[in-house]
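Protein chains: 4
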Amino acid sequence: MLVVMRQGASEIEIRGVVRAIEARGFKAHPIPGVQRTAIGVTGNRGAVEQPVFESLPGVLEVIPVTHAYKLVSREVKPEDTVVRVGNVPVGGREFVIAAGPCAVESLEQTLTVARGVKAAGARLLRGGAYKPRTSPYAFQGLGEEGLRILATAREETGLPVVTEALDAEGVDLVERYADAIQVGARNMQNFSLLRRCGKAKKPVLLKRGLAATLEEFLMSAEYILAEGNYQVILCERGVRTFSDFSRNTLDLAVVPAVKAVSHLPILVDPSHGTGRRDKVAPMSRGAAAVGADGLIVEVHHEPDTALSDGPQSITPAAFAALMDELRQIAPVLGRTLPRPAVSPG
Amino acid sequence: MLVVMRQGASEIEIRGVVRAIEARGFKAHPIPGVQRTAIGVTGNRGAVEQPVFESLPGVLEVIPVTHAYKLVSREVKPEDTVVRVGNVPVGGREFVIAAGPCAVESLEQTLTVARGVKAAGARLLRGGAYKPRTSPYAFQGLGEEGLRILATAREETGLPVVTEALDAEGVDLVERYADAIQVGARNMQNFSLLRRCGKAKKPVLLKRGLAATLEEFLMSAEYILAEGNYQVILCERGVRTFSDFSRNTLDLAVVPAVKAVSHLPILVDPSHGTGRRDKVAPMSRGAAAVGADGLIVEVHHEPDTALSDGPQSITPAAFAALMDELRQIAPVLGRTLPRPAVSPG
Amino acid sequence: MLVVMRQGASEIEIRGVVRAIEARGFKAHPIPGVQRTAIGVTGNRGAVEQPVFESLPGVLEVIPVTHAYKLVSREVKPEDTVVRVGNVPVGGREFVIAAGPCAVESLEQTLTVARGVKAAGARLLRGGAYKPRTSPYAFQGLGEEGLRILATAREETGLPVVTEALDAEGVDLVERYADAIQVGARNMQNFSLLRRCGKAKKPVLLKRGLAATLEEFLMSAEYILAEGNYQVILCERGVRTFSDFSRNTLDLAVVPAVKAVSHLPILVDPSHGTGRRDKVAPMSRGAAAVGADGLIVEVHHEPDTALSDGPQSITPAAFAALMDELRQIAPVLGRTLPRPAVSPG
Amino acid sequence: MLVVMRQGASEIEIRGVVRAIEARGFKAHPIPGVQRTAIGVTGNRGAVEQPVFESLPGVLEVIPVTHAYKLVSREVKPEDTVVRVGNVPVGGREFVIAAGPCAVESLEQTLTVARGVKAAGARLLRGGAYKPRTSPYAFQGLGEEGLRILATAREETGLPVVTEALDAEGVDLVERYADAIQVGARNMQNFSLLRRCGKAKKPVLLKRGLAATLEEFLMSAEYILAEGNYQVILCERGVRTFSDFSRNTLDLAVVPAVKAVSHLPILVDPSHGTGRRDKVAPMSRGAAAVGADGLIVEVHHEPDTALSDGPQSITPAAFAALMDELRQIAPVLGRTLPRPAVSPG
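Chains as they are written, first to last, in my numbering: chain E, 116 to 460; chain C, 116 to 460; chain S, 116 to 460; chain Z, 116 to 460.
As structure tokens, then:
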């Protein structure tokens, strides 16, 4: 932490700050400059004490230096974390695709989509049983019935299941039926939910909030790790800006930014990240090219009649075509992608 | 809803869209233009079906017309709603101030601050027993012990208590001890929490999320009303922008915007809205001047040693000075403000 | 400037940074911490050298400490600057209102509006002869003819004129006909234009860009002062966010932020800042209450037929009503406002 | 255009709007809905008249339907535009890389970098002779001397030159010495400059502003085309958000968005778009993968001593490695990239 004094701060004020620093058991390192004095602080815990010093007489501003996250940090654990969802490793050499419908609508729909995406090379099945919807009057998901359908689809296809939980009870159920618990963007700072996920036996897919900084995103992951669950996968899904052409602004630069400071794997969600079907394939290719560990994509066999988020879902055929493109891009970054199933003939 | 066709969309495409509209039981109203055709849709429910039409051949875009909120809308209830927190009416003639510490730290601290703000004219006591903190390592609040302290402070001062709940169990407790349940900005789209609040017997203070549009803000309130609790107070507390001089950007224009479309009262939180003590008084005056129904302000008798958000708390003395200014501004908008307690002498 | 080393940076890396600092003639002040070392830099000029150090081996980040602006800074000139536009002092005790049509359309229109706003208490006449329009096909202003009309309106009413220049030739003309040169938000970082304004004999009204930080806003003013023109008035007119209810987000907190670090006066433009007529009065009151030095407001006697920005213009009658409200709010901040003209009877 | 009436708008109000529409020579198409009436408007010119109707009694809102841009629109010209910079086609099959130093510092520096990037496969040389700098005290470029150096480097290497002009006089000079005129992000809505570029004989590279919507971006291009210069290349270089890890947020989704509505080519600037050297390669790969027509990249042989923007410049060696990756990604989108020069031996 660095405490910057105002120009013309008096000796008494400077000594006051030094004393305040030392009173908390930290060390003060005054740096007298030509224009003003700054005081380095060491021995403190992250940015927690920043407020205190900001209000002392003569202080212009306090600049935090150390980041508050620890367990998620690459400084603590230099090597990449590989999270296993069912039997699928996320964050390793393979570029992993989770695909499926936005919402689980029926067993038939879910099976149709699951088989389609599996044939094309998806390794995980995504699908919502509990849907966080802006409107209380919109379809809210099938609930436990939806989870049962997902479990059946997994038995049929072998694809491990990723699905969202909205609250503590939801985590109980998702833990029982699925292979990874998704925390949605709107709940990224629902700290009760994060803590509950930190006690879960299943990995957690944590989506970045619409206005979350990298620091906040990682601190939310830290909540989960701090409770003992180290199996966390991050997911970029777009931030909110003034954009007039996409629902959100997919911030692909967060991928190398995460890789630089954290050991956790990160996926990209091009479906929510753009909100428009015609941008899903380009941004999926972009995500692979910037170095993401995989994708989570919405696929629906009849997107125009989907109960939820139809306009951002692509068809199984479009998904298969996208997979072909990804198979060419992934190797440039030293990644593999499974081959599509060969149709018997 | 208006479906806009591409330039040069064929007759077949236009008829396809008309048929799709009618197939859902709505009415189609084609408007042939010089450059392109648009098709009005009536009989639909809000924006829910927008996705479906966006993907039909020949469609350029679909423009929603009706807002999705109903119960919070002034079209449904033209007259202002007055919410009673304890015996204090919010949204009526009085400009109401909720004040108190960011976090409840001890009985003594809470009582000291509560007495101070009451003497200056505050009508409600605010203070956090459960604190949503970015870092899992920061002070998280005293929990139920904090709620007991707040209840004691209410008995001592007569000030009804507003305090935050972070989850369903928190609502149970806050409902028991306090007079209004606060839902924080980070939980504005925690729909499980909103639904639980919709069943609560106490009024709800709903804070706007950091990236929430007005539509989303009102839809979150709608969740609460839709469950049967009509006692909702909105609260603007700043949105996230690129600002380099305040923690958030306090969006005071949302006050007249809410007043235009909704009957619910709206407070302003200048403390979180700026994050800087020296901006609390100016933005509080600004909030009164734009027509807010009141404020929720952080006050601490020793802000520099506060366990939480010290740099945005003002002292009881600064608060009393602010109240004096507000007493001069509020009448310009036809509002009253209680006089300060007269010290006996 | 503070150079923060990575955890585990080697002694050699630290010495390398120290040497790089000293090689540029600055002083290095290493601060060894428990987790990592930081190195204070003194003797440097603002943030200019930041890039250089950021790339040295072992460096985590470089944190600038000193702001790059000088002449606009309150540290250099503690007392408020009062800028005279014609005979009207801006930044002194008086809360000054500039009012008039968005665009000058005709002599009659301009005179009608000018007389109306003068009668209500406006002290400056605003109106565009050169209009920066998003579309090349929209009305672009009357040009020099518009400037002549404004000059005539000044002779008739005695109101000094503020009007926008879009380029160097425009400044030549505006300088000749008007009393203050407006630099629009879109040109806030048109450095050629700023330099030309710095050589002008007339004061400059500099509008904040839609995505400008406070630092950038003040640096743009610094461009003008650095060329020798110290007569600069700042103007907040809204920043761009995701707002769905106003064209821009009027950032009133920038007013106290400017006052804290700069001696320059600052006005608020509630017309462009909201883009909606019904928000002009509330946000004008808000601007007065936060401590702005005045307003610049669009008034049109027939806003619905205005050639430009009609929906954000208010009528002379609405303007007079607003002035009445401002007369009650301004004194709370120790400000005066001229009385309206008494109609002879 | 669609005029939406308030719920309960009277017949008289509706007829008033219809009459106002017809009075302007447009056609009105009332669409009576269950909840409210909307009135389609045809025959109007884009969004220009929107303001007028918004203020009529009973009107809730006016929704523009037609976009205001014409010449840049794919509806007007369906096939892709290929712009020739010198002899290099931009927007065709080749993925084109412009590379070079941020600022021209000396002939030697420029030649060294130009030879390096040419050897690696760059097709255009970029470099600033006029630098728009936030601070008036920062290095502002060598001016005409810089242009002469660029011209010499072109003669030496054969690489056509792209360089920025800041004002009308700058365009005169750039037109004389260089092969394409760059309009920077800060000048995207400097309409005088755009008009001057519209009369230029050389192609224009137009960078997106930091807060520009797609509509505004294309309207600025429209200014240039409207003056007769159809040789416009768009360039995404990041928008401003709350990001805490990159200087700007590179909005790669704008690439497919532009491709969908406009025939103009679009490049991506990963250097300014991220502001950080370590993100240049990932975001360059991402730009190629989403379908951009090329890149404009800052390369410096000694980035740590660069006079401008060093921390976002990469070395010639890093650039050559990036080119190798791009050569593998481009073909996935049917693009070619020139091979690197073979070193003789």
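We put the CB at the ideal spot given by N, CA and C, even for glycine. Note that the coordinates shown come from a computational prediction; the quantities given were computed from them, not determined experimentally.
Neighbour list for residue i in chain C, Cβ cutoff strictly below 8 Å
{"i": "Asp-89(S)", "result": "Since the first and last residues shown for chain S are 116 and 460, residue 89(S) lies out of range."}
Beta-carbon neighbours of residue i, restricted to chain S and to distances below 9 Å
{"i": "Leu-281(Z)", "result": "Asn-305, Phe-306 and Ser-307"}
Contacts that residue i makes with chain E (C-beta to C-beta distance below 9 Å)
{"i": "Ile-212(Z)", "result": "The premise fails here: Ile-212(Z) is roughly 15 Å from chain E at the closest Cβ pair, so nothing lies under 9 Å."}
Cβ neighbours of residue i in the same chain (closer than 7 Å, five flanking residues each side left out)
{"i": "Val-200(C)", "result": "Leu-239, Pro-275, Val-277, Asp-294, Ala-295 and Pro-318"}
{"i": "Glu-279(Z)", "result": "Gly-243, Tyr-245, Gln-297 and Gly-299"}
{"i": "Thr-514(E)", "result": "Since the first residue of chain E shown is 116 and the last is 460, residue 514(E) is not available in this structure."}
{"i": "Ser-377(S)", "result": "Val-187, Ser-188, Arg-189 and Leu-333"}
{"i": "Asp-282(Z)", "result": "Leu-308"}
{"i": "Val-203(S)", "result": "Val-211, Arg-238, Leu-239 and Pro-275"}
{"i": "Arg-310(C)", "result": "Tyr-338 and Glu-342"}
Neighbourhood of residue i by C-beta distance below 6 Å, restricted to the same chain and skipping five residues each side
{"i": "Ala-435(S)", "result": "Ala-235"}
{"i": "Val-119(C)", "result": "Ala-153, Leu-175 and Glu-176"}
{"i": "Val-369(S)", "result": "Glu-351"}
{"i": "Ala-456(Z)", "result": "Ala-234"}
Chain-ordered chain Z contacts of residue i [CB-CB under 9 Å]
{"i": "Glu-440(E)", "result": "Ala-404, Val-447 and Leu-448"}
{"i": "Leu-379(E)", "result": "The contacting residues do not exist; Leu-379(E) stays about 15 Å from chain Z at best."}
{"i": "Asp-419(S)", "result": "Ala-135, Pro-166, Val-167, Phe-168, Glu-169, Ser-170 and Leu-171"}
Buried/exposed call for residue i, threshold 16 Cβ in 10 Å
{"i": "Pro-459(Z)", "result": "With a pLDDT of only 45 at Pro-459(Z), under the threshold of 50, the placement of this residue in the model should not be trusted; the figure read from the coordinates follows. Exposed: under 16 other Cβ atoms inside 10 Å."}
{"i": "Thr-272(C)", "result": "buried"}
{"i": "Asp-287(C)", "result": "exposed"}
{"i": "Ile-212(S)", "result": "buried"}
{"i": "Gly-406(C)", "result": "buried"}
{"i": "Ile-127(E)", "result": "exposed"}
{"i": "Lys-316(Z)", "result": "exposed"}
{"i": "Glu-413(S)", "result": "buried"}
{"i": "Val-198(E)", "result": "buried"}
{"i": "Ala-138(C)", "result": "exposed"}
Beta-carbon separation (whole angstroms), residue i vs residue j, contact threshold 8 Å
{"i": "Phe-168(Z)", "j": "Ala-218(Z)", "result": "Contact flag wrong, Cβ pair sits at about 49 Å."}
{"i": "Thr-389(S)", "j": "Gly-353(S)", "result": "7 Å"}
{"i": "Pro-418(Z)", "j": "Ser-125(S)", "result": "So it is not a contact: roughly 22 Å between Cβ atoms."}
{"i": "Ala-445(S)", "j": "Ala-403(S)", "result": "6 Å"}
{"i": "Pro-385(E)", "j": "Pro-371(Z)", "result": "Their Cβ separation, rounded to whole angstroms, is 11 Å, which puts Pro-385(E) and Pro-371(Z) out of contact at 8 Å."}
{"i": "Leu-382(C)", "j": "Leu-410(C)", "result": "6 Å"}
{"i": "Arg-450(S)", "j": "Arg-208(S)", "result": "6 Å"}
{"i": "Val-303(Z)", "j": "Leu-321(Z)", "result": "Going by the sequence as given, residue 303(Z) is Met instead of Val. About 7 Å; that satisfies the 8 Å criterion."}
{"i": "Thr-463(C)", "j": "Phe-360(Z)", "result": "Summary: the structure shown does not reach residue 463(C), with chain C confined to residues 116 through 460, and so no result is reported for it."}
Neighbour list for residue i in chain S, Cβ cutoff strictly below 7 Å
{"i": "Met-334(Z)", "result": "Thr-249 and Ser-250"}
{"i": "Tyr-338(Z)", "result": "Pro-251"}
Residue i at chain A interface by Cβ criterion, 9 Å
{"i": "Leu-325(C)", "result": "In summary, chain A is missing from the structure at hand, where the protein chains are E, C, S and Z."}
Where residue i meets chain E, residues with beta-carbon distance less than 7 Å
{"i": "Ile-444(Z)", "result": "Ala-404, Ile-444 and Val-447"}
Neighbouring residues, chain Z, relative to residue i (Cβ below 8 Å)
{"i": "Arg-355(C)", "result": "Phe-357"}
Chain C residues whose Cβ lies nearer than 7 Å to that of residue i
{"i": "His-144(Z)", "result": "Ile-146"}
Note down, one range per segment and in chain order, each alpha helix (DSSP H) of at least 4 residues found wholly within the stretch 379-441 of chain C. 385-389 and 392-405
Run through the stretch 278-316 of chain Z for me and flag every whole alpha helix (DSSP H) of 4 or more residues, listed as ranges in chain order. 283-292 and 306-313
Can you give, in chain order, each stretch of the beta strand (DSSP E) that sits fully within the stretch 117-191 of chain S and has at least 3 residues? 117-120, 142-147, 152-157 and 174-178
Contiguous beta strand (DSSP E) assignments of at least 3 residues, all confined to the stretch 214-248 of chain E: 239-241
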